[in-house]
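Residue numbers (the numbering used here): 1 to 189. Positions of the beta carbon are idealized from the N, C-alpha and C atoms, including for glycine. First the structure, in the form of structure tokens, and then the observations on it.
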Amino acid sequence: MKIGVLALQGAVREHIRHIELSGHEGVPVKKVEQLDDIDGLIIPGGESTTLRRLMDLYGFKEALESSSLPMFGTCAGLIVLAKDIVGEAGYLSKLNVTVERNSFGRQVDSFEAELDIKGIASDIEGVFIRAPHITEAHEGATVLSTVEDKIVAVEQARYLGVSFHPELTDDYRVTQYFIDHIVAKYKED
Ligand code: GLN
1 MKIGVLALQG AVREHIRHIE LSGHEGVPVK KVEQLDDIDG LIIPGGESTT
51 LRRLMDLYGF KEALESSSLP MFGTCAGLIV LAKDIVGEAG YLSKLNVTVE
101 RNSFGRQVDS FEAELDIKGI ASDIEGVFIR APHITEAHEG ATVLSTVEDK
151 IVAVEQARYL GVSFHPELTD DYRVTQYFID HIVAKYKED
């Protein structure tokens with residue numbers, strides 16, 4: 001399958017590497033026209049306010065709002081996919097969750113934790129960088145993982161969202177799960 005990585009900001013090359021390690025083709029997506037040519041899209045981390053500004057500027061908000069592409073958001077990408085953001089308006093509003101930004105506290109800006117992710121594995125290394133967490137998973141959204149009682153991974157039909165950066169380790173099982181279980185099921189023929 002052909003998986004796009006939104007290439008406006010963030011660790012694009014690392015995501016493409018995980019797609020390739022999963023046995024699929026990865027392409028950087030810089031223009032909305034490319035959305036017609038892929039089976040699924042990964043929205044990387046970065047800074048969600050900047051990411052939203054760039055997505056507005058290049059027409060991705062409009063194009064993705066009306067799209068049924070399977071999408072996987074990591075960190076800032078999760079924030080962009082969420083229906084509600086604490087203190088701000090939701091953006092793409094695809095994942096029926098409320099997220100809170102930078103919510104692991106200042107003293108723990110970045111940390112790593114071993115995650116038990118339902119349906120994927122019980123030993124996934126999660127790299128959290130000024131990470132958001134999901135304060136509530138609403139109807140239709142299934143919680144896949146928590147850290148200290150905070151929700152850090154959810155799935156809802158064609159959407160997957162995680163608080164951490166799977167692409168910054170060598171372990172590509174989360175990306176592989178997105179492609180082989182979610183994209184395979186929901187991609188358009
Ligand atoms: N703190 C960032 C935000 O709120 C997300 C951080 C990240 O993607 N690593 O947008």
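Next on the checklist: My assumption, with CB atoms under 8 Å, is that L21 sits in contact with Y172. Please give the rounded CB distance.
Outcome noted: Reading the sequence shown from its first residue, position 21 is the one you call residue 21. Reading the sequence shown from its first residue, position 172 is the one you call residue 172. At roughly 4 Å, the Cβ-Cβ gap stays under 8 Å, so L21 and Y172 are in contact.
Item to check | Secondary structure of Y177, DSSP reduced to three states | outcome: Residue 177 sits at position 177 when you count from the first residue of the sequence shown. Judged by DSSP in its simplified three-state form, Y177 adopts helix.
Checklist entry - Do the CB positions of V147 and I134 come within less than 8 Å of each other? => result Along the sequence shown, one-based indexing puts residue 147 at 147. Along the sequence shown, one-based indexing puts residue 134 at 134. The Cβ atoms of V147 and I134 do not sit closer than 8 Å to each other.
Checklist entry - By Cβ distance below 6 Å, which residues in the same chain neighbour Y186 in space, the five residues on each side in sequence not counted? => result Here residue 186 corresponds to residue number 186 of the sequence shown, with the count starting at 1. Within the same chain, Y186 has close Cβ partners P70, R158.
Checklist entry - How close, in whole Å, do the beta carbons of S145 and D116 come, if the pair is a contact with beta carbons under 8 Å? => result Along the sequence shown, one-based indexing puts residue 145 at 145. Along the sequence shown, one-based indexing puts residue 116 at 116. With 8 Å as the limit, S145 and D116 qualify as a contact, their Cβ atoms being about 6 Å apart.
Next on the checklist: Does T50 pass the burial test, meaning 16 or more other C-beta atoms within 10 Å, or should it be called exposed?
Outcome noted: Taking the sequence shown and counting its residues from 1, one reaches residue 50 at position 50. Exposed, because fewer than 16 other Cβ atoms sit within 10 Å of the Cβ of T50.
Item to check | Beta-carbon contacts of L8 that lie in its chain and below 6 Å, excluding the five residues immediately before and after | outcome: In the sequence shown, residue 8 corresponds to position 8, counting from 1. So the qualifying residues of the chain are L54.
Checklist entry - Considering only the beta carbon of each residue, do Q34 and G59 sit closer than 8 Å? => result Within the sequence shown, numbered from 1, the residue matching residue 34 stands at position 34. Within the sequence shown, numbered from 1, the residue matching residue 59 stands at position 59. The answer is no: Cβ separation not under 8 Å.
Item to check | Where the beta strand (DSSP E) through M71 begins and ends | outcome: Residue numbering aside, residue 71 sits at position 71 when the sequence shown is read from its first letter. Here the beta strand (DSSP E) through M71 covers 71-74.
Item to check | Range covered by the alpha helix (DSSP H) that runs through V12 | outcome: For the purposes of this step, residue 12 is taken as residue 12 along the sequence shown, with counting starting at 1. 12-21 is the extent of the alpha helix (DSSP H) around V12.
Item to check | Inter-residue CB distance, E100 and V80 (contact presumed, cutoff 8 Å) | outcome: The residue you call residue 100 lines up with position 100 of the sequence shown. The residue you call residue 80 lines up with position 80 of the sequence shown. That belief does not hold up - the Cβ atoms of E100 and V80 are roughly 14 Å apart, past 8 Å.
Next on the checklist: Once DSSP output is grouped into helix, strand and coil, what is the label at T169?
Outcome noted: Locating residue 169 in the sequence shown gives position 169, where the first residue counts as 1. In this structure, T169 counts as coil in the three-state DSSP scheme.
Item to check | Environment of V66 [buried if 16+ CB atoms lie within 10 Å] | outcome: Counting from one through the sequence shown, the residue named residue 66 turns up at place 66. The sequence as given places Ser at residue 66; Val does not occur at that position. S66 comes out exposed.
Item to check | Bridge-paired residues (DSSP) for I129 | outcome: Along the sequence shown, one-based indexing puts residue 129 at 129. According to DSSP, I129 bridges with S110.
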